[in-house]
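There are 2 protein chains.
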Amino acid sequence: MKRKKAIRNGRTGLFNAQKFLDTAGVARKVMDYHRGESIYSQGEAATTVMYIQKGGVRLSVVNGSGKEAVVAMFGPTDFFGEGCMAGQTVRMGTTTAVTPTTVLVIQKMELLRVLHAEHELSDHFIAYMLAHNIRVEEDLIDQLFNSSEKRLARTLLLLARYGEQDQPERVLAKVSQETLASMVGTTRSRINFFMNKFRKLGFIEYNGTIKVNKSLLTVVLHE
Amino acid sequence: MKRKKAIRNGRTGLFNAQKFLDTAGVARKVMDYHRGESIYSQGEAATTVMYIQKGGVRLSVVNGSGKEAVVAMFGPTDFFGEGCMAGQTVRMGTTTAVTPTTVLVIQKMELLRVLHAEHELSDHFIAYMLAHNIRVEEDLIDQLFNSSEKRLARTLLLLARYGEQDQPERVLAKVSQETLASMVGTTRSRINFFMNKFRKLGFIEYNGTIKVNKSLLTVVLHE
DNA sequence: CGATGTCTGTCTAATACTGAACACACGCGC
DNA sequence: GCGCGTGTGTTCAGTATTAGACAGACATCG
Numbered sequence: 209m210k211r212k213k214a215i216r217n218g219r220t221g222l223f224n225a226q227k228f229l230d231t232a233g234v235a236r237k238v239m240d241y242h243r244g245e246s247i248y249s250q251g252e253a254a255t256t257v258m259y260i261q262k263g264g265v266r267l268s269v270v271n272g273s274g275k276e277a278v279v280a281m282f283g284p285t286d287f288f289g290e291g292c293m294a295g296q297t298v299r300m301g302t303t304t305a306v307t308p309t310t311v312l313v314i315q316k317m318e319l320l321r322v323l324h325a326e327h328e329l330s331d332h333f334i335a336y337m338l339a340h341n342i343r344v345e346e347d348l349i350d351q352l353f354n355s356s357e358k359r360l361a362r363t364l365l366l367l368a369r370y371g372e373q374d375q376p377e378r379v380l381a382k383v384s385q386e387t388l389a390s391m392v393g394t395t396r397s398r399i400n401f402f403m404n405k406f407r408k409l410g411f412i413e414y415n416g417t418i419k420v421n422k423s424l425l426t427v428v429l430h431e
Numbered sequence: 209m210k211r212k213k214a215i216r217n218g219r220t221g222l223f224n225a226q227k228f229l230d231t232a233g234v235a236r237k238v239m240d241y242h243r244g245e246s247i248y249s250q251g252e253a254a255t256t257v258m259y260i261q262k263g264g265v266r267l268s269v270v271n272g273s274g275k276e277a278v279v280a281m282f283g284p285t286d287f288f289g290e291g292c293m294a295g296q297t298v299r300m301g302t303t304t305a306v307t308p309t310t311v312l313v314i315q316k317m318e319l320l321r322v323l324h325a326e327h328e329l330s331d332h333f334i335a336y337m338l339a340h341n342i343r344v345e346e347d348l349i350d351q352l353f354n355s356s357e358k359r360l361a362r363t364l365l366l367l368a369r370y371g372e373q374d375q376p377e378r379v380l381a382k383v384s385q386e387t388l389a390s391m392v393g394t395t396r397s398r399i400n401f402f403m404n405k406f407r408k409l410g411f412i413e414y415n416g417t418i419k420v421n422k423s424l425l426t427v428v429l430h431e
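If you read the protein sequences in the order shown, they are chains D and L.
Sequential numbering of the first sequence, starting at 209, is according to this note's numbering.
Sequential numbering of the second sequence, starting at 209, is according to this note's numbering.
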């Protein structure tokens with residue numbers, strides 16, 4: 209009897225990253241990661257905040273028993289690793305690029321300084337934090353209220369929207385049932401069971417790639 | 209099969225509220241609430257942010273079936289209702305004073321303006337948001353990893369610390385099993401079962417009030 | 001006092017969920 | 001082709017959890 213994890217995806221208003229990049233005297237470093245590459249690992253010293261310019265990042269946590277939970281997914285214009293700003297000295301989770309990803313690496317102290325000087329950045333940072341807050345709170349509420357069946361349905365819908373940010377796609381990138389289990393917070397058996405159920409009911413189609421039908425919403429909404 | 213809710217408690221670094229209060233031209237209103245009084249309700253228009261000067265506040269959410277989940281608890285120097293800053297137009301939950309409480313009510317627009325002008329407030333606000341983020345994320349991870357037994361143990365420990373902020377008390381205010389169920393995200397039967405188990409094992413004592421023994425930590429830590 | 005409401009302790013039947021196993025398919029490297 | 005790793009479909013026994021019921025304890029109030 210042990211659940212495993214959940215997924216999140218923070219998305220925020222627009223922000224002219226270029227402008228920020230051009231700001232004189234902002235010490236930052238641009239880093240590129242390829243698919244599957246680790247950005248930082250649980251337990252490492254935490255002194256920098258990342259800002260995603262391009263790509264996608266997964267935040268996962270491992271507990272004492274080696275079980276892994278996917279706590280959040282991040283996309284362009286999202287910050288992550290900001291825990292160090294609140295006094296966390298080590299990374300509480302591991303972040304991994306899920307697609308080729310470009311991030312801005314900013315020293316904690318530098319960010320602190322720039323937040324005072326740059327109102328636009330400061331606004332964006334606050335907006336991001338608020339949005340992220342709301343998202344994580346929704347996930348928590350989801351966990352508190354819903355069965356794993358509904359959580360899976362919700363996760364699939366979120367992932368479908370996540371796909372490509374611009375075009376209103378409903379096709380998901382390759383996600384294994386194992387990963388889904390880790391996102392929903394249950395076991396693969398359960399995921400498999402529900403996936404087949406959803407398929408039988410016509411809520412999703414899949415062979416290798418997953419297509420999410422809008423009708424899946426009924427699973428989440430019907431109470 | 210339906211879980212119910214969880215508890216949170218945000219606490220942040222010190223901040224000279226008085227100084228903020230005295231800031232010239234900050235439009236704000238001081239409000240007092242007595243125990244059990246509602247501060248705002250789910251669905252109402254959201255145009256203000258609250259800042260707690262004194263007391264304690266519970267944030268709960270009701271889902272379609274009328275089930276209630278306690279999503280967070282707040283104390284002095286915490287903000288709440290800040291969702292409106294991120295574009296939420298209605299309250300996503302209900303807040304209730306759990307003790308006599310004094311809050312500062314700040315108009316969203318006003319806060320936006322002051323965040324630019326007042327670095328100390330801005331820093332405090334960001335620090336609060338970061339801390340709150342971390343807390344909610346921890347709660348989510350708690351839900352993803354742990355059984356309700358461990359979640360109850362963790363909740364009790366958190367509540368014990370919450371008691372009185374200064375003295376290292378281990379005695380809890382009156383909390384019904386129903387409320388605990390709502391905080392942990394399970395049923396009262398389950399709470400009752402575990403409470404008696406914990407009592408038998410000497411982890412807690414209780415008749416009317418609950419005393420939490422440090423040994424309860426073993427429940428959370430032992431993996 | 002009797003009525004009422006709230007909280008606890010206890011129980012039960014039904015269900016959700018876990019952990020683990022096994023066979024099978026598929027792609028990949030060599 | 002062969003071996004290997006990874007992901008799927010399926011089953012299953014055992015456990016955890018739920019929803020609901022019931023009775024008793026206790027306080028409050030008119």
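Cβ atoms here follow ideal geometry from the backbone N, Cα and C, with glycine treated the same way.
Cβ pair residue i, residue j closer than 8 Å
i, j, result
"D:Arg243", "D:Thr285", "no"
"L:Met258", "L:Leu312", "yes"
"L:Gly295", "L:Thr256", "no"
"L:Val344", "L:Leu367", "no"
"L:Leu360", "L:Phe411", "no"
"L:Thr310", "L:Gln261", "yes"
"D:Glu413", "D:Lys419", "yes"
"D:Leu380", "D:Phe406", "no"
"L:Ile314", "D:Val279", "no"
"D:Gln385", "D:Arg396", "yes"
"D:Ser291", "D:Ala335", "With the sequence shown as reference, residue 291 of chain D is identified as Gly, and Ser is not the correct amino acid for it. No, they are not a contact pair."
Buried versus exposed call for residue i [16 or more other C-beta atoms within 10 Å across all chains shown]
i, result
"L:Asn354", "buried"
"L:Ala232", "With a pLDDT of 49 at L:Ala232, under the threshold of 50, the predicted position of this residue should be treated as unreliable, and no value is reported."
"D:Val298", "exposed"
"D:Met317", "exposed"
"L:Asp240", "exposed"
"D:Gly272", "exposed"
"L:Asn400", "exposed"
"D:Leu429", "exposed"
"L:Thr394", "buried"
"D:Asn341", "buried"
"D:Asn415", "exposed"
"D:Leu352", "buried"
"D:Leu409", "exposed"
"L:Gly274", "exposed"
"D:Ser249", "exposed"
"L:His327", "exposed"
"D:Val392", "buried"
Chain-ordered chain L contacts of residue i [CB-CB under 7 Å]
i, result
"D:Ala325", "The contacting residues do not exist; D:Ala325 stays about 10 Å from chain L at best."
"D:Ala294", "Ala335, Leu338, Ala339 and Ile342"
"D:Val257", "Going along chain L, no residue has its Cβ under 7 Å from D:Val257, so there is no contact; the nearest lies around 10 Å."
"D:Glu318", "Simply none; closest approach about 15 Å."
"D:Glu345", "Val279 and Val344"
Within chain D, the residues that residue i reaches when beta carbons sit closer than 8 Å
i, result
"L:Lys405", "Here the premise fails: no neighbours, minimum Cβ distance about 15 Å."
"L:Glu290", "Leu338 and Asn341"
Whole-number beta carbon distance between residue j and residue i, since they are thought to touch under 8 Å
i, j, result
"L:Gly251", "L:Gly264", "Not confirmed; about 23 Å, so no contact."
"D:Val427", "D:Glu346", "Actually they do not touch by this definition, with Cβ atoms about 17 Å apart."
"D:Ala305", "D:Ser390", "17 Å between Cβ atoms; not a contact."
"D:Leu388", "D:Thr363", "7 Å"
"L:Ser330", "D:Ser330", "7 Å"
Contact list for residue i against chain L, beta-carbon separation under 9 Å
i, result
"D:Ala277", "Leu348, Ile349, Leu352 and Phe353"
"D:Ser330", "Leu323, His324, Ser330 and Ile334"
Contacts of residue i in chain L (Cβ-Cβ under 8 Å)
i, result
"D:Gly393", "Gln351 and Leu352"
Under 7 Å by beta carbon: chain D residues contacting residue i
i, result
"L:Val269", "Ile349"
Review point. For the segment 318-326 of chain L against the segment 263-271 of chain L, are there 3 or more C-beta pairs whose distance is under 8 Å?
Key: The segment 318-326 of chain L is not in contact with the segment 263-271 of chain L.
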